[in-house]
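Taking our numbering, I'd label the letters of the sequence shown as residues 719 to 778. From the three backbone atoms N, C-alpha and C, an ideal C-beta is built for every residue, glycine too.
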Amino acid sequence: MKILSRYLISQFLSVLIFSIIAFALVFVIVDLIENLDHFIDREVPKLIIAIYYFYYLPYI
719 MKILSRYLIS QFLSVLIFSI IAFALVFVIV DLIENLDHFI DREVPKLIIA IYYFYYLPYI
């Protein structure tokens with residue numbers, strides 16, 4: 719693989735990974751804001767909420 723090809727692939731992959739992480743983070747924040755009333759009413763611990771969103775990430 720040529721140096722230029724490796725450079726272009728690394729640049730593309732870094733932007734792609736950043737975009738996927740940013741999209742997932744925005745989605746989780748919006749979903750958290752929508753469900754915050756339910757979590758507060760049921761007094762759900764923060765650790766359980768974090769585990770919920772950790773397991774929910776593959777479905778995004």
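Terminal residues of the alpha helix (DSSP H) in which residue i lies
| i | result |
| --- | --- |
| residue 761 | Careful: residue 761 lies outside any alpha helix (DSSP H) and carries neither H nor E. |
Best match in the options for proximity to residue i [C-alpha to C-alpha]
| i | options | result |
| --- | --- | --- |
| residue 777 | 745, 762 and 724 | 745 |
| residue 747 | 720, 719, 721 and 772 | 772 |
The ligand GTP heavy atom lying under 7 angstroms from the CB of residue i
| i | result |
| --- | --- |
| residue 777 | In the structure on display, the ligand GTP does not appear, and there are no ligands present to speak of. |
Curious, which full-length alpha helix (DSSP H) runs of at least 4 residues does the region 726 to 754 contain?
-> none
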